Amino acid sequence: MAACIEIHGISKTYRNGKQLIEALKPIDLTIQQGEIFGLLGPNGAGKTTLIKLMLGIIAPTSGECSILGEKIGSLKAKTLIGYLPENHRFPLYLSGQQMLEFYGNLGGLSGKTLGKRIDEVLEFVNMSEWRKLKIQRYSKGMMQRIGLAQALLNHPKLLFLDEPTDGIDPVGRKEIRGILEIVKNEGTTIFVNSHLLSEVELITDRVAIMRKGVVVKAGNTQELTQTQGVHVITLSGGTPPNGVQGMLNYNAQTREVEIEAANPNALNTSIDALRAAGCFIETIVPKRSSLEEIFIELMQESQELLRPESK
Ligand SMILES: Nc1ncnc2c1ncn2[C@@H]1O[C@H](COP(=O)(O)OP(=O)(O)O)[C@@H](O)[C@H]1O
Ligand SMILES: [Mg+2]
Numbered sequence: 001m002a003a004c005i006e007i008h009g010i011s012k013t014y015r016n017g018k019q020l021i022e023a024l025k026p027i028d029l030t031i032q033q034g035e036i037f038g039l040l041g042p043n044g045a046g047k048t049t050l051i052k053l054m055l056g057i058i059a060p061t062s063g064e065c066s067i068l069g070e071k072i073g074s075l076k077a078k079t080l081i082g083y084l085p086e087n088h089r090f091p092l093y094l095s096g097q098q099m100l101e102f103y104g105n106l107g108g109l110s111g112k113t114l115g116k117r118i119d120e121v122l123e124f125v126n127m128s129e130w131r132k133l134k135i136q137r138y139s140k141g142m143m144q145r146i147g148l149a150q151a152l153l154n155h156p157k158l159l160f161l162d163e164p165t166d167g168i169d170p171v172g173r174k175e176i177r178g179i180l181e182i183v184k185n186e187g188t189t190i191f192v193n194s195h196l197l198s199e200v201e202l203i204t205d206r207v208a209i210m211r212k213g214v215v216v217k218a219g220n221t222q223e224l225t226q227t228q229g230v231h232v233i234t235l236s237g238g239t240p241p242n243g244v245q246g247m248l249n250y251n252a253q254t255r256e257v258e259i260e261a262a263n264p265n266a267l268n269t270s271i272d273a274l275r276a277a278g279c280f281i282e283t284i285v286p287k288r289s290s291l292e293e294i295f296i297e298l299m300q301e302s303q304e305l306l307r308p309e310s311k
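Mind the numbering: the sequence shown is residues 1 to 311 in the working numbering, read in order.
See below:
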């Protein structure tokens with residue numbers, strides 16, 4: 001797979017009067033074409049700063065970054081991207097349709113081409129019905145959907161979403177996930193910032209976890225959330241005997257046995273022992289920990305690293 005975003009040693013220090021705020025320490029990251037990449041981290045970690053750097057809204061203190069081979073900040077790079085800002089404020093006195101006309105014009109679209117594209121994106125985010133309604137009357141979920149329509153107007157190759165589901169109810173979040181799945185399937189790369197971990201877990205292919213301007217972990221979402229070598233076996237009958245190889249525990253209520261096995265052979269030995277003891281196996285799945293558990297662990301670890309040494 002080819003790279004969509006290549007970040008080399010990019011950093012950002014803000015100056016606030018005499019105070020220097022190191023929002024991003026030098027970061028290296030590559031985002032592949034066609035993936036949904038999640039940047040996670042608590043408030044103030046530097047997520048929005050990184051998006052703004054990639055958009056060319058702010059200049060980096062050091063480092064380089066390119067989008068599909070184009071230097072960030074260049075006009076060419078800007079034509080490739082769509083952006084849904086955090087806490088966006090579209091003019092409330094405009095209708096959804098008028099807002100899209102305004103932003104479409106800014107992006108160089110006009111006339112019939114723009115009209116047709118507006119019809120398409122409104123339909124796509126399920127907002128055609130409310131196109132004439134003023135934005136001030138939209139719910140938070142509708143606000144985000146019209147925002148997505150705006151971000152998709154120019155057929156972006158790369159979509160930046162900053163906290164797209166913050167403050168939205170579960171039904172609205174599911175709708176947005178559905179929209180993003182389709183966008184991804186059409187080949188668009190999606191870069192999403194979020195502090196909502198369970199949400200991100202559902203949609204991303206890869207994630208980077210950030211804290212105080214540093215990426216503390218990055219990887220495949222599936223791999224990160226998979227506990228190495230532990231399987232959960234659910235029984236529909238029988239009780240596991242003592243001494244099954246690798247058995248970590250058995251929950252009689254859920255009928256789940258946790259087995260630690262270094263390889264498939266070892267796992268099969270444990271399964272044979274269960275079956276020999278009259279257990280009937282319903283399902284076997286690799287055990288996963290949630291992204292939230294991993295996140296909390298990481299935050300605690302890096303807290304310890306940052307703690308001054310005691311004498
Ligand atoms: N324009 C700015 N001027 C000074 N400091 C800023 C500015 N924007 C962000 N910061 C600071 O940079 C750090 C990272 O902020 P931000 O990128 O918004 O984090 P996140 O999006 O992860 O919540 C924070 O300490 C924030 O206060
Ligand atoms: Mg932010």
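Glycine included, each C-beta is placed from N, C-alpha and C at the ideal position. In this text the structure is predicted, and so the values were computed from the model without any measurement.
Can you name, in chain order, every residue of its own chain whose Cβ lies under 8 Å from the Cβ of residue i, other than the five neighbours on each side?
{"i": "Ser312", "result": "Because the chain spans 1 through 311 in this model, residue 312 falls outside it and cannot be assessed."}
{"i": "Leu109", "result": "Arg117, Leu153 and Asn154"}
{"i": "Lys311", "result": "The pLDDT assigned to Lys311 is 38, lower than 50, so where the model puts this residue is not dependable, and the model offers no usable value."}
{"i": "Ser198", "result": "Ser290, Leu291 and Glu292"}
{"i": "Val313", "result": "What is shown of the chain runs 1 to 311, which leaves residue 313 out entirely."}
Alpha carbon to alpha carbon, how far is residue i from residue j?
{"i": "Gly115", "j": "Ala208", "result": "38 Å"}
{"i": "Arg131", "j": "Val125", "result": "11 Å"}
{"i": "Ser95", "j": "Ile146", "result": "10 Å"}
{"i": "Thr13", "j": "Ala23", "result": "6 Å"}
{"i": "Pro156", "j": "Val200", "result": "21 Å"}
{"i": "Ile233", "j": "Asp166", "result": "36 Å"}
{"i": "Glu223", "j": "Ala149", "result": "32 Å"}
{"i": "Ser270", "j": "Val230", "result": "12 Å"}
{"i": "Asp205", "j": "Asn16", "result": "37 Å"}
{"i": "Leu92", "j": "Gly56", "result": "26 Å"}
{"i": "His195", "j": "Ile36", "result": "16 Å"}
{"i": "Glu64", "j": "Val257", "result": "50 Å"}
{"i": "Val192", "j": "Gly41", "result": "12 Å"}
{"i": "Arg89", "j": "Met54", "result": "21 Å"}
{"i": "Gln97", "j": "Glu175", "result": "20 Å"}
{"i": "Asp119", "j": "Gly111", "result": "13 Å"}
Please determine, among the options, the residue with the shortest C-alpha to C-alpha distance to residue i.
{"i": "Gly69", "options": "Ile168, Ser290, Gly278 and Gln33", "result": "Gln33"}
{"i": "Leu274", "options": "Asn242, Leu75 and Ile294", "result": "Asn242"}
{"i": "Arg288", "options": "Gly38, Asn265, Ala277 and Glu260", "result": "Glu260"}
{"i": "Arg255", "options": "Tyr103, Asn263, Gly238 and Ile203", "result": "Gly238"}
{"i": "Thr79", "options": "Gly104, His88, Pro60 and Ser62", "result": "Gly104"}
{"i": "Ala45", "options": "Ser290, Val214 and Gly219", "result": "Val214"}
{"i": "Lys212", "options": "Pro26, Ala252 and Gly82", "result": "Pro26"}
{"i": "Pro264", "options": "Ser128, Gly38, Gln245 and Leu291", "result": "Gln245"}
{"i": "Leu202", "options": "Ala218, Gly178, Glu186 and Asn185", "result": "Gly178"}
{"i": "Thr221", "options": "Leu39, Leu20, Ser11 and Val121", "result": "Leu39"}
Kindly list the residues whose CB is nearer than 6 Å to the CB of residue i, restricted to its own chain and excluding five residues on each side of it in sequence; keep chain order.
{"i": "Ser236", "result": "Phe280 and Glu282"}
{"i": "Thr334", "result": "Beyond the ends of the chain as shown, which are 1 and 311, falls residue 334; an answer cannot be given."}
{"i": "Glu181", "result": "none"}
{"i": "Lys140", "result": "Gly167 and Ile168"}
{"i": "Ala277", "result": "Pro241"}
{"i": "Thr49", "result": "Lys12, Ala23 and Leu24"}
Which of helix, strand or coil does DSSP assign to residue i?
{"i": "Leu20", "result": "strand"}
{"i": "Thr13", "result": "strand"}
{"i": "Lys25", "result": "strand"}
{"i": "Ser236", "result": "strand"}
{"i": "Asp162", "result": "strand"}
{"i": "Lys132", "result": "coil"}
{"i": "Arg89", "result": "coil"}
Whose C-beta lies closer than 7 Å to the C-beta of residue i among residues of the same chain, with five residues either side of it excluded?
{"i": "Asp28", "result": "Ile7, His8 and Gly9"}
{"i": "Leu106", "result": "none"}
{"i": "Asn185", "result": "none"}
Any Cβ of chain D within less than 8 Å of the Cβ of residue i?
{"i": "Lys47", "result": "Checking the listed chains, one finds no chain D in this structure; it contains a single protein chain."}
Can you give the beta carbon distance from residue i to residue j, rounded, assuming they're within the 8 Å contact cut?
{"i": "Leu158", "j": "Thr188", "result": "7 Å"}
{"i": "Ile296", "j": "Asp162", "result": "Not a contact, Cβ separation roughly 23 Å."}
{"i": "Pro164", "j": "Leu100", "result": "Not confirmed; about 18 Å, so no contact."}
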